[in-house]
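First up is the structure itself, then whatever we jot down about it.
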Amino acid sequence: MVLVNPCLSAEGREGGEVCAAGLSYLVARCLSENERGNCDLAGLAVAGSLGDKQDLSSGLNKEILDEAVREGVVSVKRGLRLGGGKIRDLLLFATDPYLPLAGKPERVDAFLKKVGAGGVEGEKKLSDLTAEEVERLTAALSSLSALSQELVGAVYVFNFEVVRDGTDFMRLVDACGRFGKAGVGIGLCLREESAVEEATSLHTKFQNKLVSELNRINKEEGGSGGADVVKELPNIFYFFVQESGVTGVLAGIVAEYLRTKKPVVALNTTSKSAETKISARCSSRLFKSGGLDLAEALEKASREVGGFGGGHPVAAGATVPAGSEEKFVAALDKKLLGKGFSTNFKKV
């Protein structure tokens, strides 16, 4: 047996320079007797890299992307990294990068009316906008938040797939996996048009759960929730999740965009079992500052309360017995002592 693990080539870089999808593509290329055989599968490798938020400008990922562009499988352009659907829907579900419009239909409608983009009720697709409308929309989004600038960047177009926008394709396949619909996800990868409708429905269902939780966490100033939902300890933020199946993604969004100065811990008690599922994330900026290993911290803290955990330095998970959640977060907070997170903490 041969183990092919992209993490083993990371050399200290979280995630390394290629993902499992990329390695699968390289294996498929090697299996072909034709020099250009299986090049048409490069879009799947790029989708995997997008899903794992890996850098496509260096290493094996860049080599795969360069080949995909050279063979006409993938096209790259600069634009808004929202996706390729109707503008109103894209803004309603703009969770990564996060926009304060997400999950707020009234605000989205008012925004589109003010900007003068999106057509009647935002029914226009992003690809239907004129260059002037795109410029106007981009400027307006950037004014909402400094983080909105992350919406502008490389946009990947999959020329052979049933869903052409690379971000959309990645999101649909991801949603299939989250709801246990592997067959639908495989159908997308096999270019079956019949799989698109069900995959889109699954993605919408997932996004509705996600924005519901984000709205609960990120309440408007002066509203109820918000500060009460997210608790703060000297070295971590933590909160309890009410929806199932969104814990890890939710923790990542909160850590990257809403509570960026400390690791974020999301605890899900919705399971009917006697266990609580936990996900911990930190912002990319926090991780780059060095010295943080969430996998080690969660493994040790969960063991103290009779559970288990592990993962990656920047993204880890744990399972603990129901009822031990507060003991767990207290133990985890102590494990992260000395990392500099408590500098501005004020005990109320």
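Positions 512 to 859 (the numbering used here) are the ones given, in order, by the sequence shown.
Cβ atoms here follow ideal geometry from the backbone N, Cα and C, with glycine treated the same way.
Please read these numbers as outputs of a predicted model, since none were measured by experiment.
Using only alpha-carbon positions, find the residue among the options that is nearest to residue i.
| i | options | result |
| --- | --- | --- |
| Thr711 | Val684, Thr758 and Leu537 | Val684 |
| Phe604 | Cys550, His714 and Glu634 | His714 |
| Gly821 | Ser835, Glu837, Ala791 and Ser795 | Ala791 |
| Gln753 | Ile789, Thr771, Ser653 and Lys773 | Ile789 |
| Arg589 | Glu574, Glu617, Lys636 and Glu661 | Glu661 |
| Lys597 | Leu637, Leu803, Leu648 and Glu643 | Leu637 |
| Ala621 | Leu640, Pro608 and Arg599 | Arg599 |
| Ala686 | Arg547, Gly834, Lys720 and Gly627 | Lys720 |
| Lys783 | Thr758, Ala833 and Ser800 | Ala833 |
| Arg702 | Asp607, Glu672, Gln565 and Lys692 | Glu672 |
| Tyr536 | Cys550, Glu544 and Glu528 | Cys550 |
| Gly818 | Ala842, Glu544, Ser543 and Val765 | Ala842 |
| Glu634 | Lys573, Ser543, Leu601 and Ala532 | Leu601 |
| Phe680 | Val515, Leu593 and Val626 | Leu593 |
| Gly627 | Glu704, Ala650, Asp804 and Pro774 | Ala650 |
| Gln718 | Gly614, Val775, Arg814 and Asp804 | Gly614 |
| Leu655 | Leu623, Leu640 and Asn545 | Leu623 |
Given residue i, which residues of its chain have a CB within under 8 Å of its CB, disregarding the five upstream and five downstream residues?
| i | result |
| --- | --- |
| Thr585 | For the sequence presented, residue 585 should be read as Val rather than Thr. If we look at Val585 and ignore the five residues flanking it on each side, its Cβ neighbours are Ala553, Gly554, Val557, Leu576, Ala579, Tyr667, Val668, Phe669, Asn670 and Gly677. |
| Leu652 | Leu591, Leu610, Ser659 and Leu662 |
| Gly733 | Here the model assigns Gly733 a pLDDT of 41, short of 50, so the residue's position is not dependable, and the following value carries that caveat. For Gly733, where only same-chain residues beyond five positions count, there are no Cβ hits under 8 Å. |
| Glu582 | Arg547, Cys550, Asp551 and Ala553 |
| Ile764 | Thr606, Asp607, Tyr609, Leu721 and Leu725 |
| Thr771 | Ser794, Arg796 and Leu797 |
| Ala693 | Cys687 |
| Lys625 | Ala651 |
| Val538 | Val515 |
| Asp804 | Pro824 |
Between the beta-carbon of residue i and the beta-carbon of residue j, is there less than 8 Å?
| i | j | result |
| --- | --- | --- |
| Leu610 | Val645 | no |
| Asn746 | Leu848 | yes |
| Phe750 | Val760 | no |
| Lys846 | Ala812 | yes |
| Glu836 | Thr781 | no |
| Asn779 | Ser755 | yes |
| Cys530 | Gly559 | yes |
| Pro777 | Ala762 | Strictly speaking, residue 777 in this sequence is Ala, with Pro absent from that position. Yes, these two residues count as a Cβ contact at 8 Å. |
| Val757 | Glu724 | yes |
| Leu561 | Glu528 | no |
| Arg675 | Gly595 | yes |
| Phe748 | Lys716 | no |
Could you pull out every residue in the same chain whose Cβ sits closer than 6 Å to the Cβ of residue i, ignoring the five residues on either side in sequence?
| i | result |
| --- | --- |
| Ala505 | Only positions 512 to 859 of the chain appear in this structure, which leaves residue 505 out of reach. |
| Glu731 | Residue placement at Glu731 is poorly supported in this model, since its pLDDT is 49, which falls under 50; the coordinates are not used for a value here. |
| Phe690 | Leu713 |
| Ala642 | none |
| Leu809 | Ala791, Gly820, Ala827 and Ala829 |
| Val816 | Val831, Ser835, Lys838 and Phe839 |
| Ala665 | Val587 |
| Glu574 | none |
| Glu767 | Ser794 |
| Val775 | Phe748, Ala762, Val765, Ala766 and Arg792 |
| Arg682 | His714 |
Given residue i, which residues of its chain have a CB within under 7 Å of its CB, disregarding the five upstream and five downstream residues?
| i | result |
| --- | --- |
| Leu744 | Val840 and Asp844 |
| Val513 | none |
| Arg618 | Leu612 |
| Val515 | Leu534 |
| Glu544 | none |
| Glu704 | Val673 |
| Val859 | Confidence in Val859 is poor, its pLDDT being 42 and thus under 50, which makes the residue's placement unreliable; the coordinate value appears in the next sentence. There are no such residues. |
| Pro616 | Leu603 |
| Ser569 | Glu528 |
In chain order, which continuous runs of the beta strand (DSSP E) of length 3 or greater are located wholly inside the stretch 782-843?
-> 786-792, 819-822 and 826-832
Exercise. Which runs of the beta strand (DSSP E), 3 residues or longer, sit entirely within the stretch 692-727?
Worked result: none
Return the chain-ordered ranges of every beta strand (DSSP E) run that is complete within the stretch 528-593 and spans a minimum of 3 residues. 585-591
Inset, instruction - Could I get the ranges of all uninterrupted beta strand (DSSP E) runs contained in the stretch 646-678, with 3 residues as the minimum, in chain order? - result: 663-669
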